[in-house]
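K.L.:
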Amino acid sequence: MAIDKNEYQKTVEKIKPKPPVLKNCLLAFLMGGFVCLLGEVLFHFLRGYGISEKDGYTVVSVVFILISAILTGTGIYDDLVRIFGAGLIVPITGFANSMVSPALEHKQEGLVLGVGAKLFTVAGPVIIYGVLSSLIVAIILRGLGKL
Amino acid sequence: MRQTREFANPPVVLGYATIAGPKEGEGPLATYFDKIINNLYYYEDTWEKAEQKMFLEVVEMALQKASVKKEEVDFFLAGDLLNQIISANFVAKSLGIPFFGLYNACATFYEGLILGAMLIAGGFAKKVLVGVSSHYATVERQYRNPTEQGVQKTPTSQWTVTGAAAVVLGEGEGKIKIPRVTVGKALDYGMFDPSDMGGAMAPAAFDTLLAHFKETGLSYDYYDLMATGDLARFGWQILVKLLQERNINFGQRLTDCGIMIYRPDQQVNAGGSGTACSALVTAGYVFNELSQGKIHKFLGIGTGALLSQVTSQQGMSIPVIAHAVSFECY
Numbered sequence: 001m002a003i004d005k006n007e008y009q010k011t012v013e014k015i016k017p018k019p020p021v022l023k024n025c026l027l028a029f030l031m032g033g034f035v036c037l038l039g040e041v042l043f044h045f046l047r048g049y050g051i052s053e054k055d056g057y058t059v060v061s062v063v064f065i066l067i068s069a070i071l072t073g074t075g076i077y078d079d080l081v082r083i084f085g086a087g088l089i090v091p092i093t094g095f096a097n098s099m100v101s102p103a104l105e106h107k108q109e110g111l112v113l114g115v116g117a118k119l120f121t122v123a124g125p126v127i128i129y130g131v132l133s134s135l136i137v138a139i140i141l142r143g144l145g146k147l
Numbered sequence: 001m002r003q004t005r006e007f008a009n010p011p012v013v014l015g016y017a018t019i020a021g022p023k024e025g026e027g028p029l030a031t032y033f034d035k036i037i038n039n040l041y042y043y044e045d046t047w048e049k050a051e052q053k054m055f056l057e058v059v060e061m062a063l064q065k066a067s068v069k070k071e072e073v074d075f076f077l078a079g080d081l082l083n084q085i086i087s088a089n090f091v092a093k094s095l096g097i098p099f100f101g102l103y104n105a106c107a108t109f110y111e112g113l114i115l116g117a118m119l120i121a122g123g124f125a126k127k128v129l130v131g132v133s134s135h136y137a138t139v140e141r142q143y144r145n146p147t148e149q150g151v152q153k154t155p156t157s158q159w160t161v162t163g164a165a166a167v168v169l170g171e172g173e174g175k176i177k178i179p180r181v182t183v184g185k186a187l188d189y190g191m192f193d194p195s196d197m198g199g200a201m202a203p204a205a206f207d208t209l210l211a212h213f214k215e216t217g218l219s220y221d222y223y224d225l226m227a228t229g230d231l232a233r234f235g236w237q238i239l240v241k242l243l244q245e246r247n248i249n250f251g252q253r254l255t256d257c258g259i260m261i262y263r264p265d266q267q268v269n270a271g272g273s274g275t276a277c278s279a280l281v282t283a284g285y286v287f288n289e290l291s292q293g294k295i296h297k298f299l300g301i302g303t304g305a306l307l308s309q310v311t312s313q314q315g316m317s318i319p320v321i322a323h324a325v326s327f328e329c330y
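Residue numbers (the numbering used here), protein chains in the order written: chain S, 1 to 147; chain A, 1 to 330.
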């Protein structure tokens, strides 16, 4: 009556429900596009008030980070991500969520050992490998004489 | 008998109580719980304190319902899902009853019932208190991500049940008896996905279930109802398939606590999990049905995934366990 390990893993793979990849991709695509559209609208609105192009990009980012932080704090952001997935994880709003959520979570353990120590638990790897990969790209481009 | 023990004088359930969280309180079993808390903080400033408060309260409620004083209880057996089983330890500190801390992940409630029944049947105790708790937010932050972090979960993932349950076991007269138990072995079927506990635990439930019938010699249609702990929809389907491959068909008589505790539209993916999952369903729904005579013979199979974040991250597969306890009431 014993179960064969390999046989079992095959059975599981057969029954295991697959994530709805197509639906997830489509929703992520639409939401990601919508976030970009909002950014464009805000950018041109700011430009209309005479803000320079460089400052315009910065202000858009700051506004998005603020909106994401508020939506995280009010418990809405994670519900939205459940539906729209990568469409809200990839933009800067996702990064803001990954900073605010551990801060909220660990404030119970104090400002130093809680918030301070745990703030980068989610975003930390993104920053480390982001910096590292841009360094490698820079070295390659330099070698090709393009930088 | 290697895993099963039958009791000549079956220990009995003297009293039981359940407290459920907000989401469980909106589920199909809401009317069976003694109390439903409407907020995960339960008027405390941290989730951990909320869990301990709920746990201590349910223990006191069970003692009251059993008309048993703290001083009469020989041993307190308790566990939960947090590191160093802190919820159980802090409750034990408040109670002052000789204490055993237990950990078998989501099978802890059934582990406690087995040990409690054995202590009584072996003559080492007259009254034993068994209690467990789990809390969605404390578990989520310990094992997974910050609760407010946006994550898209897989269809096989499960929702940790918030709740606590306590049972007072004793000897002599009582409606609900525990005639036999089957102790599970820790097994490993080479499953690696921590977001698919049901798939990892299904073979453990299968193994203990078959050991129970083989060692007791009972026929497959002996029990009115059987429920696995928290395999949830997907794990339960696998278990049913494993059984069917061996021409065993329990039909409607085999269900799962992780499926029962939530409605499918409650955004819980595959279903419920957590120590409180099987505990709330058993001490809430099943005990009520038994005492009202709606069912007479029940077999519960508590299932647990014995992994930690560290073992998962280091690439080790998930050990699993399942303990079976039968409850009968005539």
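All C-beta atoms, glycine included, are put in the ideal place defined by N, C-alpha and C.
1) Would Q158/A and A270/A qualify as a contact pair, given that the criterion is a beta-carbon distance under 9 Å?
2) Going by C-alpha to C-alpha distance, which of S308/A, V310/A, E48/A, M1/A sits closest to G163/A?
3) Which whole-angstrom value describes the C-beta separation of R263/A and D224/A, a residue pair presumed to lie in contact below a C-beta threshold of 8 Å?
4) Going by beta-carbon coordinates alone, are F298/A and E328/A separated by less than 9 Å?
5) Applying the criterion that 16 or more other CB atoms from any shown protein chain within 10 Å of the CB defines a buried residue, is M316/A buried or exposed?
6) Does DSSP classify E171/A as helix, strand or coil?
7) Using a C-beta to C-beta distance shorter than 8 Å, which residues of chain S count as neighbours of E148/A?
8) Suppose you measure from the CA of P319/A to the CA of L119/A; what does that come to, to the nearest Å?
9) According to DSSP, is L80/S helix, strand or coil?
10) Does the pairing of the region 10 to 27 of chain A with the region 48 to 60 of chain A give three or more beta-carbon distances under 8 Å?
11) Would you say D224/A reaches chain S, if we count a Cβ-Cβ gap shorter than 9 Å as a contact?
12) Between T147/A, E72/A, T108/A, which lies nearest to G96/A when the distance is taken from Cα to Cα?
13) Going by the beta-carbon positions, is the gap between T160/A and H323/A smaller than 9 Å?
14) Please list the residues of the region 128 to 161 of chain A that have a C-beta atom closer than 8 Å to any C-beta atom in chain S, keeping them in chain order.
15) Cα-Cα, which of A137/A, D188/A, G122/A, D207/A is closest to Q3/A?
16) Verify whether the separation of the beta carbon atoms of A121/A and P10/A is less than 9 Å.
17) Thinking C-alpha only, which one of Q313/A, I261/A, T228/A, K241/A is nearest G304/A?
18) Closest by CA to V167/A, which one among S67/A, Q266/A, N104/A?
19) Can you name, in chain order, every residue of its own chain whose Cβ lies under 7 Å from the Cβ of K35/A, other than the five neighbours on each side?
20) Once the 5 residues before and after G199/A are set aside, which same chain residues still bring their CB inside 8 Å of it?
21) Which chain S residues are close to L14/A, counting only those with a beta carbon under 9 Å from its beta carbon?
22) Helix, strand or coil for I19/A? Go by DSSP, reduced to three states.
23) DSSP three-state label for S133/A, please.
24) Can a CB atom of chain A be found closer than 9 Å to the CB of T121/S?
25) For chain A, check one thing: does any of its Cβ atoms lie closer than 9 Å to the Cβ of A86/S?
26) Could you pull out every residue in the same chain whose Cβ sits closer than 8 Å to the Cβ of F164/S, ignoring the five residues on either side in sequence?
27) Please state the DSSP three-state secondary structure of I261/A.
28) Quick check: what's the CA-CA separation for T255/A versus S219/A?
29) V268/A by DSSP, collapsed to three states: which one?
30) Indicate the three-state DSSP secondary structure (helix, strand or coil) for K146/S in the structure shown.
31) Considering just the uninterrupted stretch of the beta strand (DSSP E) at H323/A, what are its terminal residues?
32) Out of D230/A, M201/A, G184/A, state which residue places its alpha-carbon closest to the alpha-carbon of E215/A.
33) May I ask you to report which of helix, strand or coil DSSP gives R141/A?
34) Decide yes or no for the touch test of the region 125 to 139 of chain A against the region 102 to 114 of chain A: beta carbon pairs closer than 8 Å, at least 3 of them.
35) Could you give the DSSP three-state label for T156/A: helix, strand or coil?
P.N.:
The relevant details are as follows:
1) The count along the second sequence starts at 1 and reaches residue 158/A at position 158. The count along the second sequence starts at 1 and reaches residue 270/A at position 270. Yes. Within cutoff.
2) What you label residue 163/A is simply residue 163 of the second sequence in a count that begins at 1. When only C-alpha atoms are compared, the closest one is E48/A.
3) In the second sequence, residue 263/A corresponds to position 263, counting from 1. In the second sequence, residue 224/A corresponds to position 224, counting from 1. That belief does not hold up - the Cβ atoms of R263/A and D224/A are roughly 24 Å apart, past 8 Å.
4) As a working mapping, residue 298/A is identified with position 298 in the second sequence. As a working mapping, residue 328/A is identified with position 328 in the second sequence. Their beta carbons are under 9 Å apart, which means F298/A touches E328/A by this criterion.
5) As a first step, residue 316/A is located in the second sequence; it is residue number 316 there, counting from the start. Exposed, because fewer than 16 other Cβ atoms sit within 10 Å of the Cβ of M316/A.
6) For the purposes of this step, residue 171/A is taken as residue 171 along the second sequence, with counting starting at 1. Coil at E171/A, not helix or strand.
7) Counted from its first residue, the second sequence places residue 148/A at position 148. Here the neighbours are T72, G73, G75, Y77, D78, N97, V100, S101, L104, E105.
8) Here residue 319/A refers to the residue found at position 319 of the second sequence. Here residue 119/A refers to the residue found at position 119 of the second sequence. Roughly 27 Å between the two C-alpha positions.
9) Here residue 80/S refers to the residue found at position 80 of the first sequence. Reduced to three states, the DSSP call for L80/S is helix.
10) yes
11) For the purposes of this step, residue 224/A is taken as the residue at position 224 of the second sequence. Answer no: the Cβ-Cβ gap between D224/A and chain S never drops below 9 Å.
12) Your numbering for residue 96/A matches position 96 in the second sequence. Comparing Cα positions, the closest option is E72/A.
13) Here residue 160/A corresponds to residue number 160 of the second sequence, with the count starting at 1. Here residue 323/A corresponds to residue number 323 of the second sequence, with the count starting at 1. Contact flag unset, no.
14) R141, N145, P146, T147, E148, Q149, G150, V151, Q152, K153, T154, P155, T156
15) Numbered from its first residue, the second sequence carries residue 3/A at position 3. Closest by alpha carbon: D207/A.
16) As a first step, residue 121/A is located in the second sequence; it is residue number 121 there, counting from the start. As a first step, residue 10/A is located in the second sequence; it is residue number 10 there, counting from the start. The answer is yes: Cβ separation under 9 Å.
17) Start at 1 with the first residue of the second sequence, and residue 304/A comes out as number 304. The option with the nearest alpha carbon to G304/A is T228/A.
18) For this step, residue 167/A is matched to residue 167 along the second sequence. Here the closest residue by C-alpha is S67/A.
19) On the second sequence, residue 35/A is found 35 positions in, with the first residue counted as 1. So the list reads I19, once near-sequence residues are dropped.
20) Here the question's residue 199/A lines up with position 199 in the second sequence. The residues are T156, M191, D193, F234, G235, I238.
21) As a position in the second sequence, residue 14/A is number 14, starting the count at 1. Residues of chain S passing the Cβ test: none, with the nearest at roughly 37 Å.
22) In the second sequence, counting from the first residue as 1, residue 19/A sits at position 19. Reduced to three states, the DSSP call for I19/A is strand.
23) Residue mapping note: residue 133/A aligns to position 133 of the second sequence, counting from 1. S133/A: strand per DSSP, three-state reduction.
24) The residue you call residue 121/S lines up with position 121 of the first sequence. Interface residue, yes.
25) Taking the first residue of the first sequence as position 1, residue 86/S is located at position 86. True, the Cβ-Cβ gap to chain A drops below 9 Å.
26) It is not possible to answer for residue 164/S, since the shown part of chain S is limited to 1 through 147.
27) Mapped onto the second sequence, residue 261/A falls at position 261. DSSP places I261/A in coil when its eight states are reduced to three.
28) On the second sequence, residue 255/A is found 255 positions in, with the first residue counted as 1. On the second sequence, residue 219/A is found 219 positions in, with the first residue counted as 1. When rounded, the distance between both Cα atoms is 18 Å.
29) Within the second sequence, numbered from 1, the residue matching residue 268/A stands at position 268. V268/A: coil per DSSP, three-state reduction.
30) Locating residue 146/S in the first sequence gives position 146, where the first residue counts as 1. DSSP places K146/S in coil when its eight states are reduced to three.
31) The residue given as residue 323/A occupies position 323 in the second sequence. Its beta strand (DSSP E) spans residues 319 to 328.
32) As a working mapping, residue 215/A is identified with position 215 in the second sequence. Of the listed residues, the one whose Cα sits closest to E215/A is G184/A.
33) To locate residue 141/A, count along the second sequence from 1; it is residue 141. Correct three-state label for R141/A: helix.
34) yes
35) Here the question's residue 156/A lines up with position 156 in the second sequence. Correct three-state label for T156/A: coil.
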